[in-house]
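Below is one structure; the comments refer to it alone.
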Amino acid sequence: MTDSADEDLIRQALALAEQGWGRVQPNPMVGAIVVRDGRIIGRGFHEQFGGPHAEVNALREAGEAARGATLYVTLEPCSHFGKTPPCTEAILQAGISRLVYGSADPNPAAGGGAQELRDAGLDVVGGVCAAEVRRLNAAFFHALERGSPFVALKYAVSLDFRIAAKPGERTQLSGEKAMDRTHALRAGYEAILVGIGTVLVDDPFLTVRGAIKPRVPPARIVVDANARLPLESNLVETIEQAPVFLFCADDSSPDRRDALEQKGVRVFLAPRGQDGLDLHAVLDTLWREDIRSVMVEGGSRIASSLLAADRVERMHLFITPHLLGEQGVPAFGTWVPVDTLFHASNVEQLGDDLYIQLERMRELELAHAQVQSTADVHGNH
101 MTDSADEDLI
111 RQALALAEQG
121 WGRVQPNPMV
131 GAIVVRDGRI
141 IGRGFHEQFG
151 GPHAEVNALR
161 EAGEAARGAT
171 LYVTLEPCSH
181 FGKTPPCTEA
191 ILQAGISRLV
201 YGSADPNPAA
211 GGGAQELRDA
221 GLDVVGGVCA
231 AEVRRLNAAF
241 FHALERGSPF
251 VALKYAVSLD
261 FRIAAKPGER
271 TQLSGEKAMD
281 RTHALRAGYE
291 AILVGIGTVL
301 VDDPFLTVRG
311 AIKPRVPPAR
321 IVVDANARLP
331 LESNLVETIE
341 QAPVFLFCAD
351 DSSPDRRDAL
361 EQKGVRVFLA
371 PRGQDGLDLH
381 AVLDTLWRED
391 IRSVMVEGGS
401 RIASSLLAAD
411 RVERMHLFIT
421 PHLLGEQGVP
431 AFGTWVPVDT
441 LFHASNVEQL
451 GDDLYIQLER
461 MRELELAHAQ
471 VQSTADVHGN
481 H
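Numbering (the working numbering), first residue to last: 101 to 481.
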């Protein structure tokens, strides 16, 4: 049986887990807490890809006092040898008597740890705050369960949902705190994607320039059917800082493609669709290139196409205190029933801007189904 104390401690472990943002992908962010006689005696989180897991770090801090204690961990402990030994082994050696975990591990190679510990005599409770655990590690779960890149859409919009004062005009909407948040968000994605229109108007860098230093700088992806990416653009000029992928049509200029490749740009061909390149093909190629998460930062045509194609799993919206009027560029060119597809998981005031994070409704359904499955199998409620 779970209670409010279990939920509170899993949420504390989730707060620890968040500190791994940008440092552990494609692994999940995991936090762990060891409790004995109502007192926290150990804390830990997965700090670095390839490094000790959260459980090991928490157990090390607890030391001998962990014997007979309860371990709270956001993700089911792994049971296999990967870059580190199985966490189930460390838990048994530490003498933990009770395990409370958030979500089951969807990785078939690593899952099953909860049952292994239950068979060894531990009192095991699972599915605590599972929806929150899945939300923190949405890209990890999406990759394993759906076999495609997790796509998030980041947008700064005016009060009348416009992204620029007029077509072709660079418009700064976000304030300083919103920009800081954008850089923090970039650190946790494996790629940042824009259309060529955004590049030609804004000449962005798309690098991470905030407090969080990602383990691997996210690749910069440009969807550019006609290979118009300027050789002198900031993206090309900073290619030593992070890779640049260009997607263009097979009938684009071979000379342009060759010139970009000589600058170090990786050029990929994709078929044309009804409105530009086939974005399904673009995402399929990114998946084959081992890119598991993508944050899309513009423009409106790509954003609308991805929404219409049902490929967006998350939205990061920064609503700014501006009205751009009828001449402004609409954020979405195609109407999408956002109210029925997404729900708000976080709302914050960032200076003068309002930040809203939205998740797909189907993710809530998946989390509920997982909790129910855990309850049916193990009798946990």
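Cβ coordinates follow ideal geometry from the N, Cα and C atoms, glycine included.
**Prompt:** Based on the DSSP output, what are the partners of THR170 in its beta bridges?
**Reply:** VAL135, ARG198
**Prompt:** Since GLU459 is in the beta strand (DSSP E), which residue starts that stretch and which ends it?
**Reply:** 453-460
**Alpha carbon of GLU107 to alpha carbon of ARG143, nearest angstrom** = 16 Å
**Cut-off 8 Å between Cβ atoms - residues of its own chain near ALA264, not counting five sequence neighbours on either side** = ARG270, THR271, VAL301, LEU424, GLY428, VAL429
**Request:** Spell out a yes or no on whether the segment 398-418 and the segment 368-387 are touching, meaning 3 or more CB-CB pairs, one atom from each, closer than 8 Å.
**Result:** yes
**Prompt:** When the Cα of ILE339 is compared with those of ILE321, VAL130, ASP355, LEU236, which residue comes out closest?
**Reply:** ILE321
**Item:** At least 3 beta-carbon pairs within less than 8 Å: the segment 161-171 vs the segment 124-138
**Value:** yes
**Asked** With DSSP run on the structure shown, which of helix, strand or coil describes PRO430?
**Response** strand
**Request:** Measure how close the beta-carbons of GLY310 and ALA287 come, nearest whole angstrom, since I'm counting them as under 8 Å.
**Result:** 7 Å
**Prompt:** Relative to the C-alpha of ARG401, which residue among GLY295, LEU306, LEU192 is closest?
**Reply:** GLY295
**Message:** Any heavy atom of the ligand MN closer than 7 Å to the beta-carbon of GLU276?
**Reply:** The model depicted lacks the ligand MN and carries no ligand whatsoever.
**Message:** Between which residues of its own chain and GLY479 is the CB-CB distance below 8 Å, once the five residues before and five after are set aside?
**Reply:** Bear in mind that a pLDDT of 47 at GLY479, under 50, signals an unreliable position, so the number given afterwards is only what the model happens to contain. Counting only Cβ-Cβ distances below 8 Å, and skipping sequence neighbours, we find nothing.
**Prompt:** For MET129, which of helix, strand or coil comes out of DSSP?
**Reply:** coil
**Prompt:** Could you give the distance in angstroms between the alpha-carbon of ARG228 and the alpha-carbon of GLN215?
**Reply:** Note that residue 228 is Val in the sequence shown, not Arg. For VAL228 and GLN215, the distance between alpha carbons rounds to 16 Å.
**Request:** Out of PRO186, ASP103, PRO267, VAL323, point me to the one whose CA is closest to VAL396's CA.
**Result:** VAL323
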